[in-house]
Amino acid sequence: MNKIAKFIKKKNKSKIISLTAYSKNIASIIDKHCDLILVGDSLGSVLYNFTSTKKVTLDMMIEHSKSVRMGISKSLMIVDMPHNTYKNPKEALKNAKKIISQTKCDGVKLEGGKKKYKIIENLIKNKIPVMGHLGLLPQSAKNFRYKGKEKVERKEILRDAKLLEKAGVFSIVLECVESSLSKDITRSVKIPTIGIGASVHCDGQVLVTDDLIGLNKISARFVKKYANIEKHINDAVLKFKKEVIKTQFPQKKHSY
Ligand code: KIV
Numbered sequence: 139m140n141k142i143a144k145f146i147k148k149k150n151k152s153k154i155i156s157l158t159a160y161s162k163n164i165a166s167i168i169d170k171h172c173d174l175i176l177v178g179d180s181l182g183s184v185l186y187n188f189t190s191t192k193k194v195t196l197d198m199m200i201e202h203s204k205s206v207r208m209g210i211s212k213s214l215m216i217v218d219m220p221h222n223t224y225k226n227p228k229e230a231l232k233n234a235k236k237i238i239s240q241t242k243c244d245g246v247k248l249e250g251g252k253k254k255y256k257i258i259e260n261l262i263k264n265k266i267p268v269m270g271h272l273g274l275l276p277q278s279a280k281n282f283r284y285k286g287k288e289k290v291e292r293k294e295i296l297r298d299a300k301l302l303e304k305a306g307v308f309s310i311v312l313e314c315v316e317s318s319l320s321k322d323i324t325r326s327v328k329i330p331t332i333g334i335g336a337s338v339h340c341d342g343q344v345l346v347t348d349d350l351i352g353l354n355k356i357s358a359r360f361v362k363k364y365a366n367i368e369k370h371i372n373d374a375v376l377k378f379k380k381e382v383i384k385t386q387f388p389q390k391k392h393s394y
């Protein structure tokens, strides 16, 4: 059974663990705990201070993904297709092939439902594994409100999930989706749903690693900070600084 089929089989068996990585060092730490590592275009705001993910380029995604690839030995590695790189089926296929051939990732993720159906269907027909992304879509969002409050919106998102499944995606990220809608979607599709701000009802959860470890200053409702890495870095650097000033570092054993 290939890696993607194994991933799908986890639905209804055990929760799926997913996190983001933008570099080898983080990827190699989280790999043993994850089922899927996402090179997310969130790197635009997390690393480059962009106000949206729209400015992230294909080259940026490819360079970060090459680094991440070196840190992964077991998890599925999925790379976000950035904004404006999948406007039509031909362009999407060309860019997805470029991402896969240059980064050796296992598949790509792209945002959208009905409007992206033909694009996604064409990628899958050409043997590119695709992860869908519904709910809040940062590449096109006008605001960052959660999705699924109004009846019409709920119907659209549920319809889109079923359409994505029909097109052949192997999983769907649900971002900032109201809890009971996430539950309905998760029950209505046979592929795993991975939530971020989309409740416990999803088949798995994804978070931006930098948020989880306290390296990125963000105060979104869906983020839980499990560690304070900023404090650890600060303490270590302060210690280094003091020792240098007092000529306690470097010692003989650090010198030639
Ligand atoms: O870009 C990203 O990191 C993502 C996750 C938040 C799902 O799409």
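In the working numbering, each residue's number is its place in the sequence shown (first place is 1) plus 138.
Heads up, the beta-carbon is just placed ideally off N, CA and C, and yes, glycines get one too.
Asked: Which residues bound the alpha helix (DSSP H) around residue 80?; Found: Nothing in the structure corresponds to residue 80, since the chain is present only between 139 and 394.
Asked: So does the region 218–234 actually touch the region 282–293, counting three or more Cβ pairs closer than 8 Å?; Found: no
Asked: What does a CB cutoff of less than 6 Å around residue 311 pick up in its chain, not counting 5 residues either side in sequence?; Found: 271 and 332
Asked: Just to confirm the assignment, what range does the beta strand (DSSP E) spanning residue 341 have?; Found: Taken as a continuous stretch (DSSP letters only), residue 341 belongs to no beta strand (DSSP E), as it is neither H nor E.
Asked: Kindly provide the ranges of any beta strand (DSSP E) runs that are 3 or more residues long and lie completely inside the region 362–393, ordered along the chain.; Found: none
Asked: Tell me the rounded alpha-carbon separation between residue 182 and residue 390.; Found: 43 Å
Asked: If you draw a straight line from the alpha carbon of residue 185 to that of residue 373, how long is it in whole angstroms?; Found: 22 Å
Asked: Which complete alpha helix (DSSP H) runs does the region 254–316 hold, if anything under 4 residues is left out?; Found: 255–263 and 289–305
Asked: At a threshold of 8 Å, does residue 246 count as lining ligand 1 (C-beta to nearest heavy atom)?; Found: no
Asked: Assuming contact is defined by CB atoms lying nearer than 9 Å, are residue 175 and residue 215 in contact in what I supplied?; Found: yes
Asked: Between the alpha carbons of residue 191 and residue 278, how many angstroms are there, rounded?; Found: 9 Å
Asked: Based on Cα-Cα distance, which residue from 338, 378 and 307 lies nearest to residue 318?; Found: 338
Asked: Relative to the C-alpha of residue 243, which residue among 257, 320, 264 and 217 is closest?; Found: 217
Asked: Using the rule of at least 16 other Cβ atoms within 10 Å of the residue's Cβ for burial, across every protein chain shown, is residue 383 buried or exposed?; Found: exposed
Asked: In angstroms with no decimal places, state the Cα-to-Cα distance between residue 207 and residue 199.; Found: 12 Å
Asked: Using a threshold of 8 Å, is the CB atom of residue 352 nearer than that to any non-hydrogen atom of ligand 1?; Found: no
Asked: Measuring CB to CB, does residue 275 end up less than 9 Å from residue 268?; Found: no
Asked: For residue 141, which residues of its own chain have a beta-carbon under 8 Å away from its beta-carbon, when the five flanking residues on both sides are left out?; Found: 214 and 244
Asked: Verify whether the separation of the beta carbon atoms of residue 344 and residue 299 is less than 9 Å.; Found: no
Asked: Confirm the yes/no value for this check: CB of residue 346, any heavy atom of ligand 1, distance under 8 Å.; Found: yes
Asked: Taking residue 156 as part of the beta strand (DSSP E), name the residues at either end of that continuous run.; Found: 154–158
Asked: In terms of residues, what are the limits of the alpha helix (DSSP H) holding residue 241?; Found: 227–241
Asked: Assuming residue 266 and residue 234 are in contact, meaning their beta carbons sit under 8 Å apart, how far apart are those beta carbons, in whole angstroms?; Found: 5 Å
Asked: Any chance the CB of residue 271 is under 8 Å from a heavy atom of ligand 1?; Found: yes
Asked: Would you tell me roughly how many angstroms separate the C-alpha atoms of residue 323 and residue 347, rounded to the nearest one?; Found: 25 Å
Asked: How about residue 334 and residue 309: are their beta carbons less than 9 Å apart?; Found: no
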